[in-house]
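J.:
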Amino acid sequence: MTTSTDRPRSFDPYSPASGAVQALASGALALINPADYRLATRRWVRAGLSAGTGLIAGLAIRSGIKRGVEDTRPDDGATPEPGDAPGVEPAGVEPSSAEATAQKASTAMAVTLGAAFAVTCYGTFVVSEWVDARIHHALVRRGVSHPRTVMAVGTAVVSYGLFELDRRTRDADASDAEALSAQHA
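Just so we're aligned, residue 17 is where the sequence shown starts under the working numbering, counting upward by one.
1) What does a CB cutoff of less than 6 Å around alanine 168 pick up in its chain, not counting 5 residues either side in sequence?
2) Could you check if arginine 158 is buried or exposed, using at least 16 other CB atoms within 10 Å of its CB as the buried criterion?
3) Candidates Ala39, Pro29, Phe141, Asp28: which alpha carbon is nearest serine 175's?
4) For histidine 162, which three-state DSSP category applies?
5) In angstroms with no decimal places, state the Cα-to-Cα distance between alanine 195 and alanine 188.
6) Assign leucine 178 to one of three DSSP states: helix, strand, or coil.
7) Take every Cβ of the segment 126 to 143, pair it with every Cβ of the segment 59 to 79, and state whether three or more of those distances are shorter than 8 Å.
8) Suppose you measure from the CA of serine 122 to the CA of isoleucine 151; what does that come to, to the nearest Å?
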């Protein structure tokens, strides 16, 4: 029988344990040498990850736009029925032409931005593989016997350092934003 004390605590992305897990994952991924794989394989991996990133970004943007449009609709005082989904017109009611145009435009924008994310992601993969190869060869030229291990440790250290920087500045950013909004109120 599970009690409330037996349940795992909720995930805190700013806990030091989370930072350690992120650093270990980054270091483990740095152990993989992309040059060990055929060019066609690398291209397929890049394309798949980029397409997935673009799709998720496009869907998130479309969802956010849709939610923003729903938030700006005037409240007509009608109480929604229990089965009604937010933003869904009742059966037999067509959305206004302005709403239909806005929906098409927001879909086009989400597709365009999703594609831009995918292309940017693919380019980032190409550049990161080039940088990875340069670092690997530089370590080999300097006589390092296990360059991937050195790269993994360096990646983990940098990853945790950036995590700590973000964690420590997060609260300062929030208090700065609150102070700024209080000045304009």
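Using N, Cα and C, we set each Cβ at its ideal position, and we do this for glycine too.
T.: On the basis of the coordinates in this document:
1) Translated into the one-based positions of the sequence shown, residue 168 becomes position 152. Closer than 6 Å at Cβ, skipping near neighbours: Gly43, Ala46, Leu47.
2) Here residue 158 is taken as the residue at index 142 of the sequence shown, counted from 1. With fewer than 16 neighbouring CB atoms inside 10 Å of its own CB, arginine 158 falls in the exposed class.
3) Reading the sequence shown from its first residue, position 159 is the one you call residue 175. It is Ala39 whose Cα lies nearest to the Cα of serine 175.
4) The residue given as residue 162 occupies position 146 in the sequence shown. Histidine 162 carries a coil assignment under DSSP once its states are collapsed to helix, strand and coil.
5) Start at 1 with the first residue of the sequence shown, and residue 195 comes out as number 179. Start at 1 with the first residue of the sequence shown, and residue 188 comes out as number 172. Those two C-alpha atoms are separated by around 11 Å.
6) As a position in the sequence shown, residue 178 is number 162, starting the count at 1. Of the three classes helix, strand and coil, the one that applies to leucine 178 here is helix, per DSSP.
7) Taking 8 Å as the limit for Cβ pairs, the verdict is that the segment 59 to 79 does touch the segment 126 to 143.
8) For the purposes of this step, residue 122 is identified with residue 106 of the sequence shown, where counting begins at 1. For the purposes of this step, residue 151 is identified with residue 135 of the sequence shown, where counting begins at 1. Approximately 42 Å, taken between the alpha carbons.
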